[in-house]
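Shown next, in structure tokens, is the structure this report addresses.
Residue numbers (my numbering), protein chains in the order written: chain A, 167 to 802; chain B, 4 to 171.
This is the structure:
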């Protein structure tokens with residue numbers, strides 16, 4: 167079965183959304199916008215335009231352009247355009263057709279089913295007309311649902327038992343308040359009210375008026391009669407309105423707004439949020455009365471309302487939110503984009519209608535914390551990142567850190583800290599019987615498999631001998647919320663020092679790796695290296711080893727770089743001798759030493775970061791290199 | 004051949020049948036379990052892929068921003084210098100030149116609209132004026148300049164369009 171899309175068929179703009187593996191995606195128009203202007207136009211040449219293009223030509227073609235058809239739905243009256251008449255259903259159908267076509271292009275598949283929303287106050291005729299519009303557009307309308315119901319669905323309020331919801335919908339041109347009761351997933355409208363001539367565009371207009379008056383006071387010019395200036399003012403007002411939702415003050419600067427007596431004039435106004443709130447207060451206050459009336463009609467007190475949901479772009483304005491809080495005495499919900507809320511809710515309804523799978527997916531768990539294993543130098547190397555949806559399986563090939571290392575230890579860790587010791591160890595096990603081989607040669611695949619219940623199966627397999635060991639860890643996703651947030655907080659608090667510690671280990675690992683590879687180079691290619699180069703390498707290697715024996719990380723870094731330089735010089739010379747291999751040398755990245763080693767021993771080249779975990783630290787080397795427990799990251 | 008024997012035989016075969024069916028059920032259950040696991044895993048994979056794509060998109064957005072904002076930073080520094088210059092005209096001209104070169108590199112083209120016939124694909128009409136001297140639908144004023152990017156519309160020109168007086 168194909169996808170069912172959710173459509174918010176609005177008065178000025180329409181939106182569409184679709185569920186994709188349990189998540190709503192907002193559909194973009196072919197013009198790249200997340201909405202479709204609800205405008206249809208017929209040009210003199212008989213061409214039909216829908217959406218953005220129709221809007222652009224509206225003022226040049228008023229007799230051929232149809233706006234706000236939603237207000238006429240369900241009536242028998244026809245609308246005329248260039249002598250031809252159309253029913254409101256037909257016009258709505260053109261809008262739906264455009265949405266259908268763009269959705270098909272956006273999703274890359276045919277769309278035939280839809281859920282469409284209508285205002286709660288729509289009567290049966292208006293609902294039927296909407297359904298018919300869908301049919302004309304070639305859509306199978308699976309269901310017509312109320313806009314406030316859709317908004318509540320977008321917030322998942324159908325799952326929370328019996329309660330009462332107020333949906334405060336303040337858009338660009340209209341205001342609606344709906345009170346509903348929900349129980350067992352069924353929504354019942356208790357009352358609705360609103361104002362069809364009230365919206366965010368009134369605020370823009372009020373702000374423009376203020377700016378014009380202010381400018382006139384200063385410069386004695388009325389910008390109202392200057393269309394160029396007026397257009398810029400309108401845009402600036404819209405921007406300022408949006409800006410002031412997140413900041414307390416904004417500058418409205420419009421250089422060269424007009425010319426008076428050959429002298430250019432600039433508009434320069436500082437607008438505080440307080441001033442803006444004062445300007446729009448009359449508009450915001452107008453929403454109070456309909457809310458009170460709706461409460462009265464439903465015979466409810468504000469305290470009877472359990473949830474308040476905000477819909478429409480205008481509700482992004484802080485003072486509007488404050489007004490809602492004042493009316494209902496409750497902090498409203500607003501984490502779903504209020505512009506997309508209704509379309510998303512329609513998509514949620516569509517998802518429920520299209521089958522159970524979607525419901526199951528929503529319930530899939532995620533790993534609350536990163537899962538990793540301990541690698542060389544005590545670094546935690548992540549295999550499964552935090553917030554990964556389970557069930558999932560991730561594997562990675564590691565190797566040994568010392569020559570003839572017979573076993574590796576897998577220490578399974580949970581947590582966000584980069585060093586193993588700071589994370590929680592979930593369990594550890596050994597994989598023995600690795601055949602004697604130089605470091606970096608054995609390939610040990612470590613795999614994390616988390617099933618749907620959060621049980622982790624960690625296995626390590628020697629790809630050479632097929633020997634395998636594994637461990638089961640239960641309850642990894644069942645950490646308490648406090649535990650998770652404590653571990654996350656820990657990671658944030660220590661982020662900086664952790665990073666430094668990790669860097670130190672990495673520098674040491676790099677130095678160690680380079681020392682190892684330099685030694686190998688000397689042993690294997692002694693005939694090919696010139697005496698000068700040999701002497702240089704030996705000297706620098708000695709110095710690096712001395713540095714590695716100490717604790718001065720900067721010194722290790724410096725010596726590593728030096729050795730890397732002389733090694734590069736030597737290897738360049740060798741490659742020049744063997745010109746056919748020159749291309750290979752080019753691949754050697756910033757970590758020349760490590761890469762050199764890789765190419766000489768015939769390994770696929772790694773990325774710099776994983777190779778850092780490649781080798782043992784010096785201290786351990788001295789202790790007991792055979793019993794090396796650390797492992798290296800090789801390939802994914 | 005007694006009826007007893009026949010009943011036993013029948014019973015035996017029924018037991019055998021039931022056993023077979025039980026085995027079949029077990030097998031199917033196992034199969035279903037495996038299929039279900041696979042299904043959940045592919046959905047989890049899809050969700051993880053979505054998460055990764057979101058992250059990647061964010062990274063790419065920041066990278067794109069960096070590119071354009073660094074151009075703006077340069078421009079800002081130069082404008083500050085121009086502001087302190089008593090005769091900044093020559094400098095400003097060069098700056099405009101630089102910006103226009105940048106636009107050219109990014110394939111951003113100005114939409115030349117004055118005197119052209121209104122086209123809803125390129126222009127946004129903000130108003131009309133009655134004007135009998137020129138063809139109807141001719142653009143007589145450009146309120147805001149429009150631009151194309153890679154032959155796609157970046158933003159339409161905001162224009163005022165001529166209209167013939169109604170002869171009624």
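Glycine residues also receive a C-beta, built at the ideal position from the N, C-alpha and C atoms.
Below-8 Å beta-carbon distance, residue i vs any chain A residue
i: residue 131 of chain B; result: yes
i: residue 140 of chain B; result: yes
i: residue 47 of chain B; result: yes
i: residue 1 of chain B; result: In the structure displayed, chain B extends from 4 to 171; residue 1 of chain B sits before or after that span and is not available.
i: residue 72 of chain B; result: no
i: residue 163 of chain B; result: yes
i: residue 84 of chain B; result: no
i: residue 50 of chain B; result: yes
Pick from the options that is closest to residue i, judged by C-alpha positions
i: residue 670 of chain A; options: A:720, A:532, A:708; result: A:720
i: residue 513 of chain A; options: A:179, A:393, A:183; result: A:183
i: residue 471 of chain A; options: A:708, A:171, A:356, A:583; result: A:356
i: residue 401 of chain A; options: A:741, A:370, A:378; result: A:370
i: residue 358 of chain A; options: A:738, A:419, A:335, A:194; result: A:335
i: residue 374 of chain A; options: A:346, A:418, A:385; result: A:418
i: residue 180 of chain A; options: A:506, A:316, A:289, A:431; result: A:506
i: residue 102 of chain B; options: B:40, B:72, B:90; result: B:72
i: residue 171 of chain A; options: A:689, A:282, A:235, A:629; result: A:282
i: residue 150 of chain B; options: B:126, B:78, B:133, B:165; result: B:126
i: residue 376 of chain A; options: A:353, A:189, A:446; result: A:446
i: residue 444 of chain A; options: A:349, A:259, A:410; result: A:410
i: residue 809 of chain A; options: A:510, A:403, A:255, A:405; result: No information on residue 809 of chain A is available, as it lies outside the stretch 167 to 802 that chain A covers here.
i: residue 57 of chain B; options: A:247, A:722, A:189; result: A:189
Where residue i sits in the DSSP three-state scheme
i: residue 562 of chain A; result: strand
i: residue 697 of chain A; result: helix
i: residue 527 of chain A; result: Residue placement at residue 527 of chain A is poorly supported in this model, since its pLDDT is 49, which falls under 50; the coordinates are not used for a value here.
i: residue 161 of chain B; result: strand
i: residue 252 of chain A; result: strand
i: residue 505 of chain A; result: coil
i: residue 540 of chain A; result: strand
i: residue 296 of chain A; result: helix
i: residue 68 of chain B; result: helix
i: residue 139 of chain B; result: coil
i: residue 113 of chain B; result: strand
i: residue 52 of chain B; result: helix
i: residue 621 of chain A; result: coil
i: residue 555 of chain A; result: strand
i: residue 286 of chain A; result: coil
i: residue 456 of chain A; result: helix
Cβ neighbour criterion (16 or more within 10 Å) applied to residue i
i: residue 651 of chain A; result: exposed
i: residue 292 of chain A; result: buried
i: residue 140 of chain B; result: buried
i: residue 123 of chain B; result: buried
i: residue 622 of chain A; result: buried
i: residue 52 of chain B; result: exposed
i: residue 168 of chain B; result: exposed
i: residue 161 of chain B; result: buried
i: residue 383 of chain A; result: exposed
i: residue 290 of chain A; result: exposed
Beta bridge counterpart(s) of residue i as assigned by DSSP
i: residue 334 of chain A; result: A:343, A:476
i: residue 357 of chain A; result: A:345
i: residue 580 of chain A; result: A:537, A:590
i: residue 309 of chain A; result: A:281
i: residue 214 of chain A; result: A:208
i: residue 638 of chain A; result: A:623
Minimum Cβ-Cβ distance from residue i to chain B less than 8 Å
i: residue 394 of chain A; result: yes
i: residue 618 of chain A; result: yes
i: residue 768 of chain A; result: Because the pLDDT of residue 768 of chain A is 29, which lies under 50, any placement of that residue in the model is unreliable, and the question is left without a value.
i: residue 175 of chain A; result: no
i: residue 484 of chain A; result: no
i: residue 408 of chain A; result: no
i: residue 742 of chain A; result: no
i: residue 556 of chain A; result: yes
i: residue 419 of chain A; result: no
is_contact[residue i, chain D] using C-beta, thresh 8 Å
i: residue 111 of chain B; result: No chain D is present in this structure, whose protein chains are A and B.
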